[in-house]
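Residue numbers (the working numbering): 18 to 163.
For glycine and all other residues, C-beta sits at the position ideal for the given N, C-alpha and C.
These notes are about the structure you will find just below.
This is the structure in structure tokens:
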């Protein structure tokens, strides 16, 4: 009986671990999406800026304008590299959290299976005890009637 309670406690602990792993995984997903969205917005901004620059080059432009646009594009490209690194790190972290979630879930399933097996074993033991008890009563009644 103590074994079942111990396994039940372990099962609850594993369930909490799964829930925590799920929460961490969800936070990792949210962070990845946030970083990826920022990168996407930056790339859209860069594309728009590049189109504006290309359109203005068809007209007369000053050297100052060309310098300003070049500096702006350089700054965006630097930001882009930094964001790409963040997105990559966020993706790696998200994949690690997903793996941890899978492992925690697998461990919980193992404990649940063990718990079910112990419960079945206990039921079988109780049935055997009852059958032995009934046999003993039958033997006693047989000897009393003789």
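query = Is the Cβ-Cβ distance between residue 118 and residue 39 less than 7 Å?
reply = Numbered from 1 along the chain shown, position 101 holds the residue referred to as residue 118. Numbered from 1 along the chain shown, position 22 holds the residue referred to as residue 39. Against a cut-off of 7 Å, the Cβ pair of residue 39 and residue 118 comes out as a contact.
ask   = Which residue comes first and which comes last in the alpha helix (DSSP H) that contains residue 79?
value = Along the chain shown, one-based indexing puts residue 79 at 62. Looking at the DSSP string, residue 79 is not in any alpha helix (DSSP H), and its letter there is neither H nor E.
request  = Check residue 163 in the structure and name its three-state DSSP category.
outcome  = Residue mapping note: residue 163 aligns to position 146 of the chain shown, counting from 1. Three-state result, residue 163: coil.
request  = Note down, in chain order, each residue of its chain lying with its Cβ closer than 6 Å to the Cβ of residue 70, except the 5 sequence neighbours on either side.
outcome  = Along the chain shown, read from residue 1 onward, the residue named residue 70 stands at position 53. Taken in chain order, the residues that qualify are 86.
inquiry  = Classify residue 128: buried if its beta carbon has 16 or more other beta carbons within 10 angstroms, exposed otherwise.
reply    = Taking the first residue of the chain shown as position 1, residue 128 is located at position 111. So residue 128 counts as buried.
task = Note down, one range per segment and in chain order, each beta strand (DSSP E) of at least 3 residues found wholly within the segment 42 to 95.
result = none
message = For a quick check, are the C-beta atoms of residue 53 and residue 114 less than 7 Å apart?
response = Taking the chain shown and counting its residues from 1, one reaches residue 53 at position 36. Taking the chain shown and counting its residues from 1, one reaches residue 114 at position 97. It is not a contact, given that the beta carbons lie outside the stated cut-off.
query = So residue 66 packs on residue 100, CB below 8 Å; how close in whole Å?
reply = To locate residue 66, count along the chain shown from 1; it is residue 49. To locate residue 100, count along the chain shown from 1; it is residue 83. No, residue 66 and residue 100 are not in contact; Cβ-Cβ is about 16 Å, not under 8 Å.
key: Beta-carbon contacts of residue 94 that lie in its chain and below 8 Å, excluding the five residues immediately before and after   = Numbered from its first residue, the chain shown carries residue 94 at position 77. Same-chain partners within the cutoff: 63.
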